[in-house]
Amino acid sequence: MFFLAEEGKWMNAGAYDNNMLYRLAQTLAGGGQHFTAAALRKLVQEGYTTLAQVDGVSDWVLLSIRGIGVGRLGEVRRLTRPDWQPPSSQAIRAANWFLSAAQFALRYWPIETLAALIQGSAPAKATGDPVERRLALDVFSQAVRKALHYCEAEELVQALWQAENGRSGRI
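Heads up, my numbering is the position in the sequence shown plus 8, with the first residue counted as 1.
This is the structure we're talking about:
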């Protein structure tokens, strides 16, 4: 076992021996690239094992991982996409609002209902429900509409599932 100071966690050294991202994080940390190594370890904790997996996931999904912000996202993206540019500040604000609204809505609504709302097949109004539940759905609907200016619905659904997984601690 060893302690990751920047993440405040104890980790089993042998648990990730076959994980390429974990090994890359160790190598980069040894070379002083601690910021990139920390970002890779966050991805390892979420179940990612290769850069190819990470490269195939949208920025929105990666930003929905606790501890991955634009800076860490940039560090990871530049490993496989040297010309990667961060999302606009408007897109980042929309992403933050979407993720915050998703976490709030997940307190009151099943993830399947919220995913259906993103895909346009669920009602955006909840009449007769307690005010918090109605408000959660209303705010989530507004955040979805704003976020859809910057990404596809499927990316939002993936980010929603990632946000729900991060909230419950499951992969």
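Glycine included, every Cβ here is placed at the ideal spot set by N, Cα and C.
For residue i and residue j, which I take to be in contact (beta-carbon distance under 8 angstroms), what is that distance rounded to the nearest angstrom?
i             : j                 : result
proline 90    : valine 78         : With a Cβ gap of about 17 angstroms, proline 90 and valine 78 do not count as contacting.
alanine 45    : alanine 109       : Alanine 45 to alanine 109, Cβ: 31 angstroms. No contact.
alanine 161   : phenylalanine 106 : About 12 angstroms separates the two Cβ atoms, so there is no contact after all.
alanine 102   : histidine 157     : 7 angstroms
asparagine 26 : valine 52         : No, asparagine 26 and valine 52 are not in contact; Cβ-Cβ is about 11 angstroms, not under 8 angstroms.
alanine 171   : glutamine 111     : 6 angstroms
leucine 87    : isoleucine 126    : The Cβ separation is near 30 angstroms, so there is no contact.
leucine 59    : leucine 29        : 7 angstroms
serine 66     : cysteine 159      : 7 angstroms
Buried or exposed for residue i, please, with buried defined as at least 16 other CB atoms from any protein chain shown within 10 angstroms of its CB.
i             : result
valine 62     : buried
serine 149    : buried
arginine 49   : buried
leucine 164   : buried
glutamine 166 : buried
glutamate 54  : buried
arginine 153  : exposed
alanine 99    : buried
For the alpha helix (DSSP H) containing residue i, list its first residue and its last residue.
i             : result
serine 96     : Serine 96 -> no alpha helix (DSSP H), and no H or E assigned at all.
glutamine 53  : 42 to 53
serine 149    : 139 to 155
glutamate 120 : 119 to 126
tyrosine 30   : 28 to 38
threonine 88  : 78 to 88
leucine 59    : 59 to 63
leucine 70    : 67 to 71
(message) With three or more beta-carbon pairs closer than 8 angstroms as the criterion, would you say the stretch 139 to 146 touches the stretch 106 to 120?
(response) yes
(message) Between the stretch 32 to 40 and the stretch 65 to 73, can you find at least three pairs of beta-carbon atoms closer than 8 angstroms?
(response) no
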